[in-house]
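Have a look at the structure below before the remarks.
Protein chains in written order, with my numbering: chain A, 37 to 114; chain B, 553 to 921.
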């Protein structure tokens, strides 16, 4: 099936913004080999926190949680 | 519960707060009341007290802002982030900021309820971080509960008492806990099928089970139907009308998907119950005949969904017509020609042809445990 590139870009932005806001994505203490690994690890952290299946991928369930209205305080310690 | 990293806490239990500005969405007196009530959520279960200041610097400064507002944590417009608060400490420490671009309300499920959001934020102001318990107030995502029925969950009570200690009282407050599907003590308030799925009601939550999925999902009842009460007594699917009927006490509601039909709740006596019936314990509807069985205490009634009337000759004794299933049932389901009677942690599988119980299961086996 054709991929809706518009939605995909939107989702990637959502993931990036969400992780940046709540999982210190751009200010991590750990040193990752590249941005993809960092994203995967932070996604896993987020999925573990919310009791989702830990895939490290922005699946539908993960995106649905990211789209919920929420508190602006990070889920992990600073 | 999760404590904020480094376990920051206030060194005193007598704290001050100040409402710096107001949202135009609500009358100022309603904002005052919501904030006061949100602080009482925490002071009712801990030694903390809160005194309001009208000027100067208070421990918890409360304000409404849009977008960037000078704390390096800009708000993001309508929805998304609703509010944030800072851990205990001097200056900005303890302060709570609310996103002015939200629609703040004092009651009802529309917009964002200021009391609920403020109660969550003040948890941060006092040293709590986000909880991983989806039923906790300190869970990071917003879910609506009728403010007048709000009770601080046990997880949050445990959290704040870990930081500030218990109340100086022989009787300690307790709060609702989040049910766990595979706890061997799991019981149900009510069960109803709906369009091939099953809904298992328990307290403020319900589990949703899809026949093709292994995992069951737990939701707040209020997430789908904000105006429904918690602790539903009984429910059934009305196959004739493609609706779900739920009972609590002397009232019942009819759900059409995500909507509660207007005109509800209505009195169960309109269905033909005598006045000495105070609640319905369990119910199921036979898809083939359109007859609904309604159980209360040791009796049951039968309602004809086609003629919309209670049938003559009822109530009858459960013991007489369904031997071995007992009384005061929790829930009843009909599936694959059997009737499943739920009582406590047990389920009695009843064969209506042989008129006997053919097996007994653990209740939570229905949640794939």
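Just so it is clear, CB atoms sit at the ideal spot from N, CA and C, and this is done for glycine as well.
Computed from a predicted structure; not experimentally measured.
Any C-beta of chain A under 7 Å from that of residue i
{"i": "residue 631 of chain B", "result": "yes"}
{"i": "residue 672 of chain B", "result": "yes"}
{"i": "residue 676 of chain B", "result": "yes"}
{"i": "residue 692 of chain B", "result": "yes"}
{"i": "residue 684 of chain B", "result": "yes"}
{"i": "residue 591 of chain B", "result": "no"}
{"i": "residue 634 of chain B", "result": "yes"}
Nearest residue (CA-CA) to residue i, options the options
{"i": "residue 756 of chain B", "options": "B:696, B:793, B:840, B:734", "result": "B:696"}
{"i": "residue 917 of chain B", "options": "B:897, B:642, B:607", "result": "B:897"}
{"i": "residue 99 of chain A", "options": "A:77, A:83, A:74, A:107", "result": "A:83"}
{"i": "residue 635 of chain B", "options": "B:616, B:763, B:624, B:661", "result": "B:616"}
{"i": "residue 783 of chain B", "options": "B:753, B:766, B:807", "result": "B:753"}
{"i": "residue 606 of chain B", "options": "B:595, B:716, B:573, B:626", "result": "B:573"}
{"i": "residue 613 of chain B", "options": "B:678, B:663, B:891, B:654", "result": "B:678"}
{"i": "residue 751 of chain B", "options": "B:685, B:766, B:771, B:553", "result": "B:771"}
{"i": "residue 584 of chain B", "options": "B:666, B:877, B:631", "result": "B:666"}
{"i": "residue 690 of chain B", "options": "B:883, B:889, B:556", "result": "B:556"}
{"i": "residue 857 of chain B", "options": "B:851, B:845, B:865, B:760", "result": "B:845"}
{"i": "residue 720 of chain B", "options": "B:645, B:760, B:599", "result": "B:599"}
{"i": "residue 659 of chain B", "options": "B:579, B:633, B:713, B:592", "result": "B:579"}
{"i": "residue 647 of chain B", "options": "B:638, B:839, B:867, B:796", "result": "B:638"}
{"i": "residue 906 of chain B", "options": "B:718, B:645, B:874", "result": "B:874"}
{"i": "residue 804 of chain B", "options": "B:912, B:879, B:822, B:842", "result": "B:822"}
{"i": "residue 943 of chain B", "options": "B:868, B:566, B:589, B:661", "result": "With chain B covering only 553 through 921, there is no way to say anything about residue 943 of chain B."}
{"i": "residue 46 of chain A", "options": "A:69, A:107, A:103, A:111", "result": "A:103"}
{"i": "residue 790 of chain B", "options": "B:809, B:780, B:800, B:802", "result": "B:809"}
{"i": "residue 887 of chain B", "options": "B:921, B:642, B:837", "result": "B:837"}
{"i": "residue 773 of chain B", "options": "B:785, B:715, B:758", "result": "B:758"}
For residue j and residue i, believed in contact at Cβ under 8 Å, the rounded distance
{"i": "residue 725 of chain B", "j": "residue 597 of chain B", "result": "5 Å"}
{"i": "residue 670 of chain B", "j": "residue 743 of chain B", "result": "Contact doesn't hold; Cβ gap of about 36 Å is too wide."}
{"i": "residue 885 of chain B", "j": "residue 768 of chain B", "result": "Not really, about 15 Å apart at Cβ, beyond 8 Å."}
{"i": "residue 834 of chain B", "j": "residue 798 of chain B", "result": "Not quite, the Cβ-Cβ distance comes to about 12 Å (not below 8 Å), so this is no contact."}
{"i": "residue 777 of chain B", "j": "residue 807 of chain B", "result": "6 Å"}
{"i": "residue 676 of chain B", "j": "residue 109 of chain A", "result": "5 Å"}
{"i": "residue 645 of chain B", "j": "residue 680 of chain B", "result": "Not really, about 14 Å apart at Cβ, beyond 8 Å."}
Within-7 Å CB hit, residue i to chain B
{"i": "residue 73 of chain A", "result": "no"}
{"i": "residue 104 of chain A", "result": "yes"}
{"i": "residue 92 of chain A", "result": "no"}
{"i": "residue 111 of chain A", "result": "yes"}
{"i": "residue 64 of chain A", "result": "Low local confidence applies: a pLDDT of 48 at residue 64 of chain A is under 50, so the model's placement there is unreliable, with the coordinate-based value given in what follows. Not one chain B Cβ lies under 7 Å of residue 64 of chain A."}
DSSP bridge partner residues for residue i (one or two, in chain order)
{"i": "residue 836 of chain B", "result": "B:845"}
{"i": "residue 749 of chain B", "result": "B:746"}
{"i": "residue 45 of chain A", "result": "According to DSSP, residue 45 of chain A bridges with nothing at all."}
{"i": "residue 590 of chain B", "result": "According to DSSP, which records beta bridges pairwise, residue 590 of chain B is partnered with nothing at all."}
{"i": "residue 853 of chain B", "result": "B:846"}
{"i": "residue 566 of chain B", "result": "B:601"}
{"i": "residue 862 of chain B", "result": "B:855"}
{"i": "residue 734 of chain B", "result": "Partner(s): none; residue 734 of chain B has no beta bridge."}
{"i": "residue 903 of chain B", "result": "B:908"}
{"i": "residue 868 of chain B", "result": "B:852"}
{"i": "residue 788 of chain B", "result": "B:797"}
{"i": "residue 574 of chain B", "result": "In the DSSP output, where bridge partners are listed per residue, residue 574 of chain B has none listed."}
{"i": "residue 664 of chain B", "result": "B:656"}
Residue i: contacting residues in chain D (beta-carbon distance under 9 Å)
{"i": "residue 637 of chain B", "result": "Looking at the structure shown, chain D is missing, and the protein chains on hand are A and B."}
(request) List in chain order: all unbroken beta strand (DSSP E) runs of 3+ residues lying wholly within the stretch 589-661 of chain B. (result) For the stretch 589-661 of chain B, whole beta strand (DSSP E) runs of length 3 or above, ordered along the chain, are 601-604, 612-617, 633-637, 648-651.
(request) Jot down the residue ranges of each uninterrupted alpha helix (DSSP H) in the stretch 669-718 of chain B, minimum 4 residues, whole runs only, in chain order. (result) Entirely contained in the stretch 669-718 of chain B, the alpha helix (DSSP H) runs reaching 4 residues are, in chain order, 706-716.
(request) Could you tell me which uninterrupted beta strand (DSSP E) segments, each at least 3 residues in length, are contained entirely in the stretch 802-831 of chain B, listed from first to last along the chain? (result) Runs found: 803-808.
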